[in-house]
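Participant: Structure incoming, see below.
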Amino acid sequence: MPPGTTPPEWAWRGGFCSVTRTASELSIVAAEASIPPDVKCSAGWRVLSVRGPLDLNMTGVLASLSEPLAGAGINIFSISTYDTDHLLVQEEKLVDAIAALLMAGITVVG
39 MPPGTTPPEW AWRGGFCSVT RTASELSIVA AEASIPPDVK CSAGWRVLSV
89 RGPLDLNMTG VLASLSEPLA GAGINIFSIS TYDTDHLLVQ EEKLVDAIAA
139 LLMAGITVVG
């Protein structure tokens, strides 16, 4: 969306939403079911959230999660918030992503 766009009401529906504005775009990550059919989007992503809150001085959190996923050939879209980090993985890779994290000794809950 153009950077001057006001986030639409549908963006706030659902359990997860991230709105980022830059000089060149307004990017919205929202529940797929909330996105109208005429809106350009990349569908089929699922969210894996790190249990938080995390101390902002911690280092290597995203690296420790993205490394085993990269090793398994799984691309991610990461979003960090004040409290924690979220990794979005494509739905068809979700089972493989969870397996890669478990193999790396990372606990995955529900």
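Count along the sequence shown from 1, then add 38; that gives the number in my numbering. For each residue, glycine too, the CB sits at the ideal point set by N, CA and C.
(1) Taking the DSSP output, what are the residues bridged to Val7?
(2) Roughly how many whole angstroms lie between the Cα atoms of Val85 and Pro106?
(3) Measure the alpha-carbon distance for Ala142 versus Gly53 and round it to whole angstroms.
(4) Could you give the C-beta distance for Arg122 and Ser87, rounded to a whole number, given that I count them as a contact under 8 Å?
(5) Please return the same chain residues whose Cβ sits closer than 7 Å to the Cβ of Thr58, not counting the five positions on each side in sequence.
(6) If we call anything under 9 Å between Cβ atoms a contact, is Glu63 one with Trp83?
(7) Are the Cβ atoms of Ile114 and Val127 separated by less than 9 Å?
(8) Do you know offhand how far Ser56's Cα is from Asp93's?
Facilitator: Answer, in terms of the structure:
(1) The structure shown has nothing for residue 7, since the chain only spans 39 to 148.
(2) For Val85 and Pro106, the distance between alpha carbons rounds to 17 Å.
(3) Approximately 28 Å between the Cα atoms of the pair.
(4) The sequence given here has Thr at residue 122, not Arg. About 6 Å; that satisfies the 8 Å criterion.
(5) Within the same chain, Ser65 come within 7 Å of Thr58 by CB-CB distance, once the 5 residues on both sides are set aside.
(6) Against a cut-off of 9 Å, the Cβ pair of Trp83 and Glu63 comes out as no contact.
(7) In this structure, Ile114 sits near Val127, with a CB-CB distance shorter than 9 Å.
(8) Near 20 Å, if we compare the C-alpha coordinates of Asp93 and Ser56.
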